[in-house]
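Sequential numbering of the sequence shown, starting at 739, is according to the numbering used here. Don't be surprised by glycine CBs; every beta carbon is placed ideally from N, CA and C. What follows is one structure encoded as structure tokens, with my remarks underneath.
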Amino acid sequence: MSDPLAVIARLPGVPEAVEEARQAVDRLYRHRVLRRYSPAVSAESSLRGARASAALEGADVPLDALRRDEAHDPVVQGALRASAETGRLGATWRRAPRQVLARLHTVAATGLADQAGLGRPRAGDPAPDPFGLGPAPGAREAAARTDALVELLAAPTKAPALVLAAVVHAELAVVRPFGTADGVVARAAERLTLVEYGLDPKSLAAVEVGHLELPYAEGLRAYLTGTGDGVARWVRQCASAVTLGVREATAICEALQRG
Numbered sequence: 739m740s741d742p743l744a745v746i747a748r749l750p751g752v753p754e755a756v757e758e759a760r761q762a763v764d765r766l767y768r769h770r771v772l773r774r775y776s777p778a779v780s781a782e783s784s785l786r787g788a789r790a791s792a793a794l795e796g797a798d799v800p801l802d803a804l805r806r807d808e809a810h811d812p813v814v815q816g817a818l819r820a821s822a823e824t825g826r827l828g829a830t831w832r833r834a835p836r837q838v839l840a841r842l843h844t845v846a847a848t849g850l851a852d853q854a855g856l857g858r859p860r861a862g863d864p865a866p867d868p869f870g871l872g873p874a875p876g877a878r879e880a881a882a883r884t885d886a887l888v889e890l891l892a893a894p895t896k897a898p899a900l901v902l903a904a905v906v907h908a909e910l911a912v913v914r915p916f917g918t919a920d921g922v923v924a925r926a927a928e929r930l931t932l933v934e935y936g937l938d939p940k941s942l943a944a945v946e947v948g949h950l951e952l953p954y955a956e957g958l959r960a961y962l963t964g965t966g967d968g969v970a971r972w973v974r975q976c977a978s979a980v981t982l983g984v985r986e987a988t989a990i991c992e993a994l995q996r997g
């Protein structure tokens, strides 16, 4: 199959969901506040996204605690570091995605994994299952699927960026290539893909907040079925997460507008 992502992009309900998300992003980018405060909106979106990503891993802390630097849970700190790192890794994502994934894992898993394992694929077969997805693929299969994902990122496709981002997110979350902090890495990689492949170049949409509001584990389990219906459900859910992330970014804009 020369363009598997294009096939996914045509699955039932996917074109409509992707278009709705694209229109939501377009409306956000026309917000007058962004003429002056785009970096501030992006920074706040990143903070809220990191909080939501950690909450999905079970480390739910108030946003104000993050602002006061009072959240010391290693999962929360890892999510914050990964979120900050995405702003520095964008230019590398297209040409060296494996290097970016290793870096994201290094910053996300510090304090959770042995120093020697940071940024390295897991050598053993067991991997945590925080979302009840079932056993992870063995280490050899996980490595092969990560290789395939890296190739997919480099291959030309007619599919929208959101479809690619959804597949990147799901593959990393279900394959669990590192064995620790894989969910945080997956969500950071999704945001990177949305930015670098053109849907949200200023990284404004807090897509992680959207995922927190949706049935996250159910969506991943649907993807795991490998059926057209299951994969389509996951992509539609990611499109909904983007739309909800735009809503969050719009609220940030309006708060800045009010002063």
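Under 7 Å Cβ to Cβ from residue i, same chain only, skipping five residues before and after it: list those, please.
i	result
Leu910	Asp920, Val923, Ala924, Ala927
Pro835	Val888, Leu891
Gly870	Ala955
Ala908	Leu958, Tyr961, Trp972
Pro939	Val933
Ala861	Ala877
What residue does the alpha helix (DSSP H) around residue i start on, and which one ends it?
i	result
Thr844	835-847
Gln995	966-996
Gly957	954-962
Arg878	877-892
Arg789	772-794
Asp920	920-934
Asp802	801-805
Thr895	Careful: Thr895 lies outside any alpha helix (DSSP H) and carries neither H nor E.
His949	945-951
Thr856	What sits at residue 856 in the sequence shown is Leu, not Thr. Counting along the chain, Leu856 falls outside any alpha helix (DSSP H), and DSSP gives it neither H nor E.
Leu818	812-831
Leaving out five residues on either side along the sequence, give the residues of the same chain with a beta carbon under 8 Å from the beta carbon of residue i.
i	result
Ala859	What sits at residue 859 in the sequence shown is Pro, not Ala. Taken in chain order, the residues that qualify are Ala877, Ala880, Ala881, Thr884, Pro915, Phe916.
Arg760	Pro898, Leu900, Leu937
Leu994	Val771, Tyr775, Ala778, Val779
Val838	Leu827, Thr830, Trp831, Ala927, Leu930
Thinking C-alpha only, which one of the options is nearest residue i?
i	options	result
Asp811	Glu823, Asp798, Cys976, Ser821	Asp798
Gly983	Leu743, Val845, Tyr767	Tyr767
Pro868	Leu994, Arg770, Val912, Ala987	Val912
Asp852	Gly787, Thr918, Val906, Leu827	Thr918
Ala893	Arg833, Leu950, Ala822	Arg833
Ala693	Val980, Lys896, Thr895, Val906	The structure shown does not extend to residue 693, since the chain is modelled only from 739 through 997, so no value can be given for it.
Ala809	Leu842, Ala788, Ala943, Leu930	Ala788
Gly900	Leu804, Gly997, Tyr775, Val980	Checking the displayed sequence, the identity of residue 900 turns out to be Leu instead of Gly. Here the closest residue by C-alpha is Val980.
Pro750	Gly997, Ala970, Arg996, Ala989	Ala970
Gly936	Gly796, Cys991, Arg770, Ala897	Ala897
Arg929	Ala747, Asp741, Leu827, Glu992	Leu827
Ala822	Asp863, Val763, Leu785	Leu785
Pro742	Thr895, Leu839, Ala874, Gln837	Thr895
Arg805	Gly825, Gly796, Arg773, Glu782	Glu782
Ala762	Pro800, Arg985, Ile990	Arg985
Ala747	His769, Gly796, Gly857, Ala903	Ala903
Asp764	Asp802, Ala987, Ala803, Leu856	Ala987
Considering only residues of the same chain and omitting the five flanking positions on each side of residue i, which have a CB-CB separation below 6 Å?
i	result
Ala755	Arg974, Ala977
Ala820	Leu842, Val845, Ala846, Val922, Ala926
Ala874	Ala865, Arg914
Glu951	Leu982
Glu946	Gly787, Ala790, Ser791, Arg925
Worksheet item: Just checking, does the region 963-978 make contact with the region 788-799 on the three C-beta pairs under 8 Å criterion?
Response: no
Worksheet item: Which residue spans inside the region 742-774 form an unbroken beta strand (DSSP E) run of at least 3?
Response: none
Item to complete: Could you say if the region 845-856 and the region 813-825 meet the contact criterion of at least three C-beta pairs nearer than 8 Å?
Response: yes
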